[in-house]
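Protein chains: 2
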Amino acid sequence: MPISTHAEHDHQKCVNHALTIAEHLCLKRGVQLTLIRHQVLALIWENHKAVKAYELLERLKPLKNAAKPATVYRALDFLIAQGLIHRIESLNAFIGCRCSEHQHEQLLLICKYCHEVEERTATNVMLALSDELKQASFVAHSKAIEIHGICRTCATPPKA
Amino acid sequence: MPISTHAEHDHQKCVNHALTIAEHLCLKRGVQLTLIRHQVLALIWENHKAVKAYELLERLKPLKNAAKPATVYRALDFLIAQGLIHRIESLNAFIGCRCSEHQHEQLLLICKYCHEVEERTATNVMLALSDELKQASFVAHSKAIEIHGICRTCATPPKA
DNA sequence: GCGCTGATGTTGTTTTATAAGATGATGAGG
DNA sequence: CCTCATCATCTTATAAAACAACATCAGCGC
Ligand SMILES: [Zn+2]
Ligand SMILES: [Zn+2]
Ligand SMILES: [Zn+2]
Ligand SMILES: [Zn+2]
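Protein chains in written order, with this note's numbering: chain U, 109 to 268; chain Y, 109 to 268.
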């Protein structure tokens, strides 16, 4: 079972971008990105892997001594409501959203080896889906499209 | 909030069909559709609504005095492995599969009012998805496509 | 009978998530 | 300054969902 991480990249940029967008968005919307919420968001963005609520709780405790399940779940609820993170239904886990600045529907590709999650807009899939829903006369309110498998990086044998 | 049921139909036919297919399939595969497993499958097929594990447990108890969580979860594991039911990740619930006789990928339309679940093959969506996965160099092992919203029946005001 | 296998029984625990009521901070209106 | 409303948080329990581990049993081939 290969263990791998996605191609090296300047992850600090990912983090800074995500947090900056979040701050701007919350300011614009007049909602409070409080310290706790900011901390939880930052923890989620520590990497590109799906993270569980109780895992976040453990990581939050050093920063926030009194942290309890409700602390984390409330922050998660807020972040989801603001579209800053996505919940991965099939894992009971969470992942930072890479495109929270514009409303979108997404497809999540979840690697069973490295647990990294790739978010894709997949316009063609969404178009086909809209069509299908129309045929079914079904009015969609939310869509969970979660694909489990092996990502590019984990499929590629390490360079010889 | 409208409460509605899907168009009346001879549901006994649905049940008989599902159970007959299940029996044949298990026979063919040399696996045992034991009493408990049969009972759980029948309970799932009582209607077309998503059903939760502990709800099944309650319904199983009158038939099977000693039923415990493990009893139900083991039966569910078996039924899923045989493709006789689907797990709905976003609800922690289960639904009978309408087309277990042939391998398939499906889309689940879940009505937030009546909780009925419609399973669709949606070839076009799956084609677009395959294409997208190819582009992403992602090898899929399993796909969960779950759409929540309002079904045809619940959207249609009762006949005047 | 014996031993293998798959299924079930039994007990307890872990993981995930929420309920409900108290407390605290902030800001608007009087 | 005081009061009230609002939103966020704290705190304590509990609910809901799932699984682990080990004992037992039933069927079957030999
Ligand atoms: Zn990054
Ligand atoms: Zn997103
Ligand atoms: Zn199916
Ligand atoms: Zn409906």
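From the three backbone atoms N, C-alpha and C, an ideal C-beta is built for every residue, glycine too. Remember, it's a predicted structure, so these values are computed and weren't measured experimentally.
Residue interval of the beta strand (DSSP E) (run including serine 250(U)): The count along the first sequence starts at 1 and reaches residue 250(U) at position 142. Counting along the chain, the beta strand (DSSP E) containing serine 250(U) begins and ends at 247-258.
Under a three-way DSSP split, which group does valine 139(U) fall into? Along the first sequence, read from residue 1 onward, the residue named residue 139(U) stands at position 31. In this structure, valine 139(U) counts as coil in the three-state DSSP scheme.
Close Cβ partners of valine 148(Y) (< 8 Å) along its chain, the five nearest in sequence each way excluded: Your numbering for residue 148(Y) matches position 40 in the second sequence. Taken in chain order, the residues that qualify are Leu164, Leu168, Val180, Ala183, Leu184, Leu187.
Three or more beta-carbon pairs under 8 Å between the segment 118-133 of chain Y and the segment 236-255 of chain U, yes or no? no
Tyrosine 221(Y) beta carbon near ligand 4 (any heavy atom closer than 7 Å): Translated into the one-based positions of the second sequence, residue 221(Y) becomes position 113. True, at least one ligand heavy atom lies under 7 Å from that Cβ.
Contact under 8 Å by Cβ, leucine 100(Y) with isoleucine 255(Y): Shown here, chain Y extends from 109 to 268; a query on residue 100(Y) therefore has no answer.
heavy atom of ligand 2 below 7 Å from serine 250(U) C-beta: Translated into positions along the first sequence, residue 250(U) becomes position 142. No.
Let me confirm a value: cysteine 207(Y) is counted as buried when at least 16 other C-beta atoms fall within 10 Å, else exposed. Which label applies? Residue numbering aside, residue 207(Y) sits at position 99 when the second sequence is read from its first letter. Label assigned to cysteine 207(Y): exposed.
Beta bridge counterpart(s) of cysteine 122(U) as assigned by DSSP: Translated into the one-based positions of the first sequence, residue 122(U) becomes position 14. Answer is none; cysteine 122(U) lacks a bridge partner.
Cβ atoms of valine 139(Y) and glutamine 190(Y): under 8 Å apart, would you say? Locating residue 190(Y) in the second sequence gives position 82, counting from the first residue. Locating residue 139(Y) in the second sequence gives position 31, counting from the first residue. Yes. Within cutoff.
Contacts around valine 123(Y), its chain only, beta-carbon distance under 6 Å, and the 5 residues preceding and following it disregarded: Working through the second sequence from its first residue, we reach residue 123(Y) at position 15. If we look at valine 123(Y) and ignore the five residues flanking it on each side, its Cβ neighbours are Trp153.
Counting only Cβ-Cβ distances shorter than 9 Å, please list the residues of the segment 238-260 of chain U near chain Y, keeping chain order. Asp239, Glu240, Leu241, Gln243, Ala244, Ser245, Phe246, Val247, Ala248, His249, Ser250, Lys251, Ala252, Ile253, Glu254, Ile255, His256, Gly257, Ile258, Cys259, Arg260
Pull up the distance between the alpha-carbon of alanine 130(U) and that of leucine 141(U), whole angstroms please. Looking up residue 130(U) in the first sequence gives position 22. Looking up residue 141(U) in the first sequence gives position 33. Each residue's Cα considered, the two are about 8 Å apart.
Helix, strand or coil, according to DSSP, for cysteine 207(Y) in the structure here? Taking the first residue of the second sequence as 1, we reach residue 207(Y) at position 99. In this structure, cysteine 207(Y) counts as coil in the three-state DSSP scheme.
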